[in-house]
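Under the numbering used here, the first residue of the sequence shown is numbered 15, with each subsequent residue one higher.
The beta carbon of each residue, even a glycine, is placed where N, CA and C say it ideally should be.
What follows is a single structure, written as structure tokens, with notes after it.
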Amino acid sequence: MKIFNTMTRRKEEFVPLEEGKVKMYVCGPTVYNLIHIGNARPMIIFDTVRRYMEYKGYEVNFVSNFTDVDDKIIKKAIEEGVTAEEISTRYIEECKKDMAGMNVKPATTHPLATQEIDGMIEMIGSLIDKGYAYAVSDGTVYFRVKKFKEYGKLSHKNLDDLQSGFRSLQVSGEEQKEDPLDFVLWKPKKEGEPYWKSPWCDGRPGWHIECSVMSKKYLGEEIDIHAGGEDLIFPHHENEIAQSECCNGKIFARYWMHNGFLNIDNRKMSKSLGNFRTVREIAKQYDLQVLRFFMLNAHYRSPLNFSAELMESSKNALERIVEAAGRLKDRRDADQREMTSTEKELLSTADGFAVKFEEAMDDDFNTADALAAVFELVKFANTKVNEESTGAFAGYLLDILVRLCDVLGLIVLKKEEVLDEDIEALIEERQAARKAKDFAKADEIRAKLLDMGIELKDTREGVKWKRV
Numbered sequence: 015m016k017i018f019n020t021m022t023r024r025k026e027e028f029v030p031l032e033e034g035k036v037k038m039y040v041c042g043p044t045v046y047n048l049i050h051i052g053n054a055r056p057m058i059i060f061d062t063v064r065r066y067m068e069y070k071g072y073e074v075n076f077v078s079n080f081t082d083v084d085d086k087i088i089k090k091a092i093e094e095g096v097t098a099e100e101i102s103t104r105y106i107e108e109c110k111k112d113m114a115g116m117n118v119k120p121a122t123t124h125p126l127a128t129q130e131i132d133g134m135i136e137m138i139g140s141l142i143d144k145g146y147a148y149a150v151s152d153g154t155v156y157f158r159v160k161k162f163k164e165y166g167k168l169s170h171k172n173l174d175d176l177q178s179g180f181r182s183l184q185v186s187g188e189e190q191k192e193d194p195l196d197f198v199l200w201k202p203k204k205e206g207e208p209y210w211k212s213p214w215c216d217g218r219p220g221w222h223i224e225c226s227v228m229s230k231k232y233l234g235e236e237i238d239i240h241a242g243g244e245d246l247i248f249p250h251h252e253n254e255i256a257q258s259e260c261c262n263g264k265i266f267a268r269y270w271m272h273n274g275f276l277n278i279d280n281r282k283m284s285k286s287l288g289n290f291r292t293v294r295e296i297a298k299q300y301d302l303q304v305l306r307f308f309m310l311n312a313h314y315r316s317p318l319n320f321s322a323e324l325m326e327s328s329k330n331a332l333e334r335i336v337e338a339a340g341r342l343k344d345r346r347d348a349d350q351r352e353m354t355s356t357e358k359e360l361l362s363t364a365d366g367f368a369v370k371f372e373e374a375m376d377d378d379f380n381t382a383d384a385l386a387a388v389f390e391l392v393k394f395a396n397t398k399v400n401e402e403s404t405g406a407f408a409g410y411l412l413d414i415l416v417r418l419c420d421v422l423g424l425i426v427l428k429k430e431e432v433l434d435e436d437i438e439a440l441i442e443e444r445q446a447a448r449k450a451k452d453f454a455k456a457d458e459i460r461a462k463l464l465d466m467g468i469e470l471k472d473t474r475e476g477v478k479w480k481r482v
């Protein structure tokens, strides 16, 4: 399996630090609003990377944070007259709903920055002790960029060029820095802002230190893969490397993966252009599986252009896969015969599509070529399976199709819609079981309803239910 490493700018064979295990950190969103489709791209891409790693037999420890203390969160809280915690808690829940809609698996751990402050204070203290950071009179703590000789190795930026660029962009109020390139690790509180006590001042952490600390706590000092959007390469990921490697004395991450930018109708997405699209808005027009398909239909490192035409095209293409899966399922369920000798001869061709799929994914997670292999399988199934085909043959092809689509996070076998009257009938059956003190049966019915996506709540007014 080869991965394009941003650090070396080439594809490299993936060799994990520990055999059979992958430690992966993905920078998550800042939670001050509903997530937009730019946020959705890395979520979908790196969820797919994780799924493929798991498909290949790796045990993946997948950590993706929520930045829940930030200037934008504080600004929103002040506007609404609520606490920053209320804003972040609200939008973390909304983000999780959108992630579920896109079939993004929950991370092994979703750490919150505000719950890891002690670790941040500890790392900053260690950097000061080692001479890589310094505090100034107002309690701000800065990182000494020039003391880390390898600064710029990820972004391939030259320190002298950065220095000349900063001379014309000297930030007012930061004259206390030893060097214009130095960046903030800890900053003093402002009126009305959330803050934490530290040896330097009451304040809060800089953005970059948060991910260094959360990655170290949940994955260790060295990790296999660090990932995010290419807008994070500089300064965020560059600064993470500097902090982590100076503090821990080890290589921070072996492989750096970054997805390309997402444009809307060939223009950069921004609120000022009026082309800002949230995932929630897209969900009103399309099943979010269509958004996922759209994202995977291009290589993750390529820039991607979002448009109504491309979404329609993605919707139609995804429907072709779903319809093929439905036909195979119907044939499998309708016929109990074993495969014929002619059908057995076709199995190697069917298996070949899975091989093509894996070859594409092994080549830096080329989901566009992987989808092409899926469509070859769909075409094969549509031409080779008919009313004369055995259920065993249809089932074999269906298993391959479902397995490959599951790696891509595409749900091709839809759950059958449960009718209200069927739900009510099962609830009545459960009530009768409870009346008869047959609690095992009552629990069995409750579990069956939950599997069907129906949650029960016993209240004084009777049993209430909702779809989940």
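query                                                                                                       : result
Span of the alpha helix (DSSP H) around P202                                                                : Unbroken run through P202 is the beta strand (DSSP E), 197-202; no alpha helix (DSSP H).
Residue nearest to W214 in terms of C-alpha spacing, selected from L302, F162, P202                         : P202
Where the beta strand (DSSP E) through K398 begins and ends                                                 : Element bounds for K398: not the beta strand (DSSP E) but the alpha helix (DSSP H), 381-398.
Backbone secondary structure at A91 - three-state DSSP                                                      : helix
Residues bridged to G243 [DSSP beta-bridge criterion]                                                       : N273
DSSP-derived helix/strand/coil call for K16                                                                 : strand
Extent of the continuous alpha helix (DSSP H) to which E68 belongs                                          : 51-69
Spatially closest choice to K86 from P43, Y72, P125, by CA coordinates                                      : P43
Environment of D112 [buried if 16+ CB atoms lie within 10 Å]                                                : buried
Strand pairing of E189, partner residues [DSSP]                                                             : Paired residue(s): none; E189 is not in a bridge.
Residues sharing a beta bridge with E27, DSSP                                                               : K16
Euclidean distance between Cα positions of D378 and M15                                                     : 7 Å
Proximity to P194 [Cα-Cα], best of R158, S226, M228                                                         : R158
Backbone CA spacing between A374 and R351 [nearest angstrom]                                                : 34 Å
Nearest-angstrom Cα separation, counted from T397 out to T128                                               : 56 Å
Limits of the alpha helix (DSSP H) - the one that I138 falls within                                         : 131-143
Cα-Cα separation between R218 and S286, rounded to whole angstroms                                          : 30 Å
Whole-Å CB distance - D175 paired with G423, under 8 Å assumed                                              : Between G423 and D175 the Cβ distance is about 40 Å, and since that is not below 8 Å, they are no contact.
Three CB pairs or more closer than 8 Å across the region 409-422 and the region 334-348                     : yes
8 Å Cβ cutoff met for I278 and F307                                                                         : no
Own chain, CB closer than 7 Å to K329, minus 5 neighbours either side, in chain order                       : Y300, V304
Outcome for I138 when other beta-carbon atoms lying within 10 angstroms are tallied against a minimum of 16 : buried
Cβ-based burial, Q184 [other Cβ within 10 Å; buried from 16]                                                : Its pLDDT being 49, under 50, Q184 is placed unreliably by the model, and the measurement read from it follows with that caveat. The residue is exposed, with fewer than 16 neighbouring Cβ atoms inside 10 Å.
Cβ pair M21, K171 closer than 8 Å                                                                           : no
Close beta carbons around I5, own chain, < 8 Å, minus the five adjacent residues each side                  : Any answer about residue 5 is impossible in this case: the structure gives the chain only from 15 up to 482.
Endpoints, beta strand (DSSP E) assigned at K370                                                            : No beta strand (DSSP E) contains K370, which is instead part of the alpha helix (DSSP H) from 355-376.
Three-pair Cβ contact test at 8 Å for the region 241-251 versus the region 352-366                          : no
The region 25-39 touching the region 70-90, judged by at least three CB pairs closer than 8 Å               : yes
The beta strand (DSSP E) enclosing Y146, as first and last residue numbers                                  : Counting along the chain, Y146 falls outside any beta strand (DSSP E), and DSSP gives it neither H nor E.
Length of the line joining the Cα atoms of K480 and L385                                                    : 35 Å
As assigned by DSSP and simplified to three states, the class of P219                                       : strand
Residue burial classification, L418 (beta-carbon count within 10 angstroms, cutoff 16)                      : buried
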